[in-house]
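Scroll down for the structure; my scribbles are underneath it.
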Amino acid sequence: MEYDFIIMGSGFGGSVSALRLVRKGYKVLVVEQGRRFTENDFPKRNWNLKKWLWVPGLRFYGFFRIALFRHITVLAGTGVGGGSLVYANTLPVPKTDFFKTGSWKNLMDWEKELAPYYKIASDMLGVAQNPKFGPGDYALGQLADLIGKKDQFSATHVAVFFGEPEVKVADPYFNGSGPEREGCRFCGGCMVGCRYNAKNTLDKNYLYMAEKEGVTVMASSRVISVIPMGKHGNQGYDIIIRRTGGFRTIKLHTRAFIFSGGVLGSVPLLLKLKKTTLPDLSDLIGAHVRTNNEALIGVVSSDKTKKFSEGIAIGSIVNTDEFSHLEPVRYPSGSGFWRLLMAPMISGKTLIGRILRILGDLMLHPVANAKVYFTRNWADRTQILLFMQTRDSTLNLKRGLFGVRTGVEQGSAPSAFIPEAQDLARKYAGIINGKPLVLPTESLFGIPTTAHILGGACMGDSRETGVINSDHRVFGYENLYVIDGSAISANPGVNPSLTITALAERAADRIAAKMKKQEPAKEIKQ
Ligand SMILES: Cc1cc2nc3c(=O)[nH]c(=O)nc-3n(C[C@H](O)[C@H](O)[C@H](O)COP(=O)(O)OP(=O)(O)OC[C@H]3O[C@@H](n4cnc5c(N)ncnc54)[C@H](O)[C@@H]3O)c2cc1C
Ligand code: SF4
Numbered sequence: 342m343e344y345d346f347i348i349m350g351s352g353f354g355g356s357v358s359a360l361r362l363v364r365k366g367y368k369v370l371v372v373e374q375g376r377r378f379t380e381n382d383f384p385k386r387n388w389n390l391k392k393w394l395w396v397p398g399l400r401f402y403g404f405f406r407i408a409l410f411r412h413i414t415v416l417a418g419t420g421v422g423g424g425s426l427v428y429a430n431t432l433p434v435p436k437t438d439f440f441k442t443g444s445w446k447n448l449m450d451w452e453k454e455l456a457p458y459y460k461i462a463s464d465m466l467g468v469a470q471n472p473k474f475g476p477g478d479y480a481l482g483q484l485a486d487l488i489g490k491k492d493q494f495s496a497t498h499v500a501v502f503f504g505e506p507e508v509k510v511a512d513p514y515f516n517g518s519g520p521e522r523e524g525c526r527f528c529g530g531c532m533v534g535c536r537y538n539a540k541n542t543l544d545k546n547y548l549y550m551a552e553k554e555g556v557t558v559m560a561s562s563r564v565i566s567v568i569p570m571g572k573h574g575n576q577g578y579d580i581i582i583r584r585t586g587g588f589r590t591i592k593l594h595t596r597a598f599i600f601s602g603g604v605l606g607s608v609p610l611l612l613k614l615k616k617t618t619l620p621d622l623s624d625l626i627g628a629h630v631r632t633n634n635e636a637l638i639g640v641v642s643s644d645k646t647k648k649f650s651e652g653i654a655i656g657s658i659v660n661t662d663e664f665s666h667l668e669p670v671r672y673p674s675g676s677g678f679w680r681l682l683m684a685p686m687i688s689g690k691t692l693i694g695r696i697l698r699i700l701g702d703l704m705l706h707p708v709a710n711a712k713v714y715f716t717r718n719w720a721d722r723t724q725i726l727l728f729m730q731t732r733d734s735t736l737n738l739k740r741g742l743f744g745v746r747t748g749v750e751q752g753s754a755p756s757a758f759i760p761e762a763q764d765l766a767r768k769y770a771g772i773i774n775g776k777p778l779v780l781p782t783e784s785l786f787g788i789p790t791t792a793h794i795l796g797g798a799c800m801g802d803s804r805e806t807g808v809i810n811s812d813h814r815v816f817g818y819e820n821l822y823v824i825d826g827s828a829i830s831a832n833p834g835v836n837p838s839l840t841i842t843a844l845a846e847r848a849a850d851r852i853a854a855k856m857k858k859q860e861p862a863k864e865i866k867q
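Numbering (my numbering), first residue to last: 342 to 867.
Following this line, the structure appears as structure tokens:
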């Protein structure tokens, strides 16, 4: 079988590319390692690990992946629809700094260039402002007041359909050619998969339309190799695909190939291919990996009169200073898995010092600690605070003995102990009568957690300064592209999916429509 484009991964980059390229007349195949999900496939609670987590080694084929590295713990999505299945729908546009820093800064005026594509991306993803706050959002409003940032507090812009709950309506977004939808129930379940057909995941917009218009999606299948044909791929590529959880491989031929596997998919494969079939790739693969300089802190409240699981996953936001902002994040009632992985929020330079501080906290506050670990419904009592900054600190990804490993690239590694984040968490805890907790990887080992891993195949003006050019074409090869979060070339400091979508819209716009084969000229009889 021969394709014009094979796309690896069905997340934001892959889904946008699929729709735009099929509309340009190309024959497109999307290969996705995760499975397909319908509303009924999502778990009711995140205790159902087999349905929730992606750990193929244990035959857990859920949609949420946790990857542990030396310097960072990465959270990501897997499945038909990629990260949109698990994400919290929040879609802000980054501030001006993002467009003027990083390895792409001299390539063009990105803020101006991307403005129309942000508009298209917002329309396609159905972005709307959250109309209803939960208790956690009201508490954030109080915090904003307390720190003198009331004017910086607002409802989030999210990809959710706010129609009538429990009422099925014809497609409200694409003149009736999209799927039927139902209104949001504000159940807080967006990150465990929306069971009510209200979240605008990619399989309800870009990917839905792409499949309807002729794109084939091969689910539960993993791209394991890309072999160039002719000189630097000028005759296309052979793509080797393996069934997820199996051993059998197949080989397909394509004229062009797009890496859209997200940072955890595209960058490790590019690193492997540089050592094998694509040696002329830039040496900068794996460089400039960013984390949005992020902190995730759970605050468990002892106030039983409020249900912190109510609302959408992220309903509000406050800019706490020029570089930073804070969002309260929630899980739905009953989804209390994270309680097993919580430790007191402390800070400290050495492991011994941190262990002593954790023990000290447990001994000095036994009742408060017992309350948070044994509280009846963890999700009803908890608000996770997501703190992000535009300040830069970059890592790199390299191939090691046991797969891919991280290294510190410039400055210091991203830290689990951001003083501003911890200070805000303590103030928020004061408001909701709660206790701040973090993952033990943070408290014990100082390794921060991110849901926004970006970069690793960044833009530049040559193979010496980047992996791809401003049109997302890979230096050193023909008809090879990277269109996903790995192409993000500066620190957005905000949730990145709208930016990935806008960049993918632009990248696909830069690819010419397929030339129709010329009909042989008819003989004209004299
Ligand atoms: C819990 C959580 C909450 C989040 N909330 C938000 C939010 O509110 N707002 C926001 O903007 N962002 C959010 N994000 C981040 C967002 O999900 C990602 O930034 C985004 O999905 C990245 O898009 P992408 O196109 O790079 O790839 P992804 O969406 O990650 O998709 C890549 C796809 O490629 C597949 N793949 C990888 N390798 C292969 C291979 N070899 N063969 C075949 N398929 C492969 C993967 O299975 C995956 O489905 C959140 C993430 C998490 C984990
Ligand atoms: S709050 Fe509930 S109904 Fe609304 S989008 Fe999220 S999961 Fe779906």
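C-beta: ideal position from N, C-alpha, C; glycine also.
With distances taken between CA atoms, THR437 lies nearest to ALA831 out of ASP812, ALA854 and ALA831.
In the displayed model, GLU373 falls within coil according to three-state DSSP, outside both helix and strand.
Where ASP345 is concerned, the enclosing beta strand (DSSP E) starts and stops at 343 to 349. Taken atom to atom, the span from the alpha-carbon of MET686 to that of GLN751 is near 27 Å. Separation of PRO397 and THR585 (C-alpha to C-alpha, rounded to the nearest whole angstrom) is 8 Å. If the five residues before and after ALA854 are omitted, its C-beta is found closer than 8 Å to the C-beta atoms of LYS365 and GLY366, all from its own chain and listed in chain order. With a cut-off of 7 Å, the C-beta of PHE715 is classified as distant from ligand 1, since no heavy atom of the ligand falls inside that distance. Counting of Cβ neighbours within 10 angstroms places PHE715 among the exposed residues, the total staying below 16. SER803 counts as exposed, since fewer than 16 other C-beta atoms from the protein chains shown sit within 10 angstroms of its C-beta. In this structure, the CA atom of TYR402 is about 11 Å from the CA atom of PHE383.
Burial state of THR617 is exposed, judged by a 10 Å Cβ sphere holding fewer than 16 other Cβ atoms.
Rounded to the nearest whole angstrom, the CA to CA distance from GLN730 to ASN710 is 30 Å. Distances from the alpha-carbon of LEU765 to those of LYS392, ASP662 and CYS535 put ASP662 closest.
Secondary structure at TYR367: coil, using DSSP grouped into helix, strand and coil. In the three-state scheme derived from DSSP, where H, G and I count as helix and E and B as strand, TRP388 is classed as coil. Within the same chain, and ignoring the five residues on either side of ASP850 in sequence, the residues whose Cβ sits closer than 8 Å to its Cβ are ARG361 and TYR458. Between ligand 1 and the CB of LEU432, the shortest heavy atom gap is smaller than 7 Å.
Linking ILE809 to TRP445 through their CA atoms gives a straight-line distance of about 10 Å. The beta-carbon distance between SER356 and LEU543, rounded to whole angstroms, is 4 Å. This is short enough to meet the 8 Å contact definition.
In the structure shown, the three-state DSSP call for TRP679 is helix. Rounded to whole angstroms, ARG680 and GLU846 show a C-alpha spacing of 39 Å.
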